[in-house]
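Shown next, in C-alpha cells, is the structure this report addresses.
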Amino acid sequence: MTEEFSYPTRIVFGEGAVRELPEQLARLGMKRPLVLTDRGLASGGVLARVTGPLHEERISYAIIDDVAVDPTLESVEFALGVYRQGGCDGVVSLGGGSPMDTGKAVRLLSSHPPPLAQYDWARDGGRLITHPMPPMVAIPTTAGTGSEANRNLVVSLPETGRKTIISSQSMVPSLALCDPELTYGMPPWLTAGTGMDAMVHSMEALWANRFHPLADGMARKGIELCGKFLVRAVKDGQDREARAGMMIAALAGAAAMQKALGPVHSLAHPLTPVCGLHHGVATAVVLPAVMEFNLDAAAPQLAEIGVALGEPPCGSVDEAAKRAVERVRAMRQEMPIPSRLRDAGVKECQFPLLTEKAFQDTCHLANPRPCAPADLDLMFRASW
Ligand SMILES: [Zn+2]
2 MTEEFSYPTR
12 IVFGEGAVRE
22 LPEQLARLGM
32 KRPLVLTDRG
42 LASGGVLARV
52 TGPLHEERIS
62 YAIIDDVAVD
72 PTLESVEFAL
82 GVYRQGGCDG
92 VVSLGGGSPM
102 DTGKAVRLLS
112 SHPPPLAQYD
122 WARDGGRLIT
132 HPMPPMVAIP
142 TTAGTGSEAN
152 RNLVVSLPET
162 GRKTIISSQS
172 MVPSLALCDP
182 ELTYGMPPWL
192 TAGTGMDAMV
202 HSMEALWANR
212 FHPLADGMAR
222 KGIELCGKFL
232 VRAVKDGQDR
242 EARAGMMIAA
252 LAGAAAMQKA
262 LGPVHSLAHP
272 LTPVCGLHHG
282 VATAVVLPAV
292 MEFNLDAAAP
302 QLAEIGVALG
312 EPPCGSVDEA
322 AKRAVERVRA
332 MRQEMPIPSR
342 LRDAGVKECQ
352 FPLLTEKAFQ
362 DTCHLANPRP
372 CAPADLDLMF
382 RASW
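Add 1 to a position in the sequence shown, counting from 1, and you land on the number used in the working numbering.
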C-alpha cells in the first residue's frame, strides 16, 4: 500500500512581508485580485496595510471587506458573484479561517461546476477536483487556522446539513504571505483561541492512526512552539518573538494536519453552528476530555506532547501521558478561555444534536481509539 503526502506551500515569512504583495502578485501573474477580509480587519487598519502597497503600485482590485464568519453556501456564492463581475483573476485572502476558506471556495467554483456539496471530502469529493485553479495569496492575521498553508476548506452547506470539509491538493494557496506584525493587535482571547487551535492541529496529527512520519516531525515542532510562546503571546501581544513563534506554530500545525485530525475537531465542528462558539475556543474547551479518552490508546504520543510542552521526562509512559493532560489544563488556566462548555453558553439539552453531528464528522475516524456516538457524548459531558 502506498501513502501520498507533500509539503508544497510557498511561504514568505517575516515582519513587513506584506509590503511585498505587489511583487508577489506579479510573480503569480495576478493583475486584478479579489481581496477578501472581515469587518474587524477593515475597520482596525490591518486591511489598509495590504491595500496601501496595491494603491502605490496602481494595482486595481475588487473587494469584500465584510466576509461572513464561518462561510456558508450563500456567502460563498455572493463572493463568487463579486469575483466574476469584477473580472478578477485571483484571490487575496486576509484574515483567519473565514476569508481564507471563502477564497478557496471562490477558486474552486470559478474553475469547477457547482454544486459545492459534490466536493464533500466525506463522500470522496476531492477526486472531482481536477482543473487548475486561479492563484491565491493567503495573508494570515491570526496564528491558528493554518488555512494559509493547507489544502482544506470548511463550509456549512444546506445539502449536507453540517460543516463540510472540502480537500484537494490543488486548493493549497499559491503563496502564504506571513507577516507576524499583522497579529500584534489581536485581542488576548482570540490569540488564546486561535493558538490553542494551532496546538490541537499538531496534537491530533501526532496521535492520529495514520502513516506520515514527516507530519509527526512537524507536529512535535508545532507543539513545542506553542508550549514556549502561546501564553507569552496572550499576555503580551507586542512580544515579537512570541508572535513570530506562534505564526510558525500555526504553519507547523497546518503541515501536520495533512496527516489527519481527530475527535477534538469532530466535537468542535458542531459547537460553532449549534452553539456559536469560536472554533479555536471550542477546540480548547474539549481538548482535555479527548486526551483523557486517549490515555491508553495514545499514551506514548501523549507523553511526547507533555515533554514538547516542557514537562520533565519521566520513567513511566502512562504517568507522563497523564501529566500532559494536566499541563494542557494548566496552560488553559493562564489564558482567557472558558474551562467548561457550560461557561461558554452550551446547554445540556443540545448534547443529542451535538453528538449526532460530531459522529457524522469524519475527523474522529483517524483516532487511535474508535469513537462511538456514546463516547463522543461522554466527551461532551466531561467538558461540560
Ligand atoms: Zn482547527
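Glycine is no exception: its CB is placed at the ideal position from the N, C-alpha and C atoms.
Note that the structure is a prediction, hence the values are computed from the model and not measured.
Chain-order list of residues whose beta-carbon lies under 6 angstroms from that of valine 347 (same chain, five-residue window excluded): Correct list, in chain order: Cys276.
Heavy atom of ligand 1 within 7 angstroms of valine 201 beta-carbon: Yes, the Cβ of valine 201 comes within 7 angstroms of a heavy atom of ligand 1.
Any beta strand (DSSP E) of 3 or more consecutive residues that is wholly inside the stretch 23-68: Here the runs fully enclosed are 34-37, 63-65.
Segment limits, beta strand (DSSP E) that includes glycine 96: Looking at the DSSP string, the run of the beta strand (DSSP E) that includes glycine 96 is 91-96.
CB contact flag (proline 72, serine 99, <8 angstroms): Against a cut-off of 8 angstroms, the Cβ pair of serine 99 and proline 72 comes out as a contact.
Separation of glycine 316 from threonine 38, as counted between CA atoms: Roughly 49 angstroms between the two C-alpha positions.
8 angstroms Cβ cutoff met for valine 329 and leucine 288: Yes. Within cutoff.
Where the beta strand (DSSP E) containing cysteine 1 begins and where it ends: Here the chain covers residues 2 to 385 and nothing more, so residue 1 does not appear.
Exposure label - alanine 304; buried when at least 16 CB within 10 Å: Classification of alanine 304: buried, given that the 10 Å Cβ count is 16 or more.
Option in Val265, Ala269, Glu78, Val92 with minimal Cα separation from lysine 164: Among Val265, Ala269, Glu78, Val92, the Cα nearest to that of lysine 164 is on Ala269.
Proximity of glycine 91 and proline 34 at Cβ, strictly below 8 angstroms: A Cβ-Cβ contact shorter than 8 angstroms links glycine 91 with proline 34.
Coarse secondary structure for threonine 195, derived from DSSP in three states: DSSP places threonine 195 in helix when its eight states are reduced to three.
Cβ-heavy atom distance, aspartate 198 to ligand 1, below 7 angstroms: Checking the Cβ of aspartate 198 against ligand 1 gives yes.
Proximity to alanine 250 [Cα-Cα], best of Thr284, Val51, Met219, Ser384: Distances from the alpha-carbon of alanine 250 to those of Thr284, Val51, Met219, Ser384 put Met219 closest.
Classification of glutamate 205 by the beta-carbon crowding that lies within 10 angstroms, buried from 16 upward: Glutamate 205 comes out buried.
Phenylalanine 294 burial status per 10 Å Cβ neighbour count (16 or more: buried): Buried: at least 16 other Cβ atoms inside 10 Å.
Whole-angstrom distance between alanine 285 and arginine 326, CA atom to CA atom: For clarity, residue 326 is valine in the given sequence; the question names arginine instead. Each residue's CA atom was taken as its position, placing valine 326 and alanine 285 some 12 angstroms apart.
Sequence-distant residues of the same chain with beta carbon closer than 6 angstroms to alanine 69, five excluded per side: For alanine 69, where only same-chain residues beyond five positions count, the Cβ hits under 6 angstroms are Ser76.
Cross-strand partners of leucine 158 (DSSP beta bridge): The partner list for leucine 158 (beta bridge, DSSP) reads Arg163.
Leucine 178 to alanine 375 span [Cα, whole Å]: Cα to Cα, the separation comes out at about 42 angstroms.
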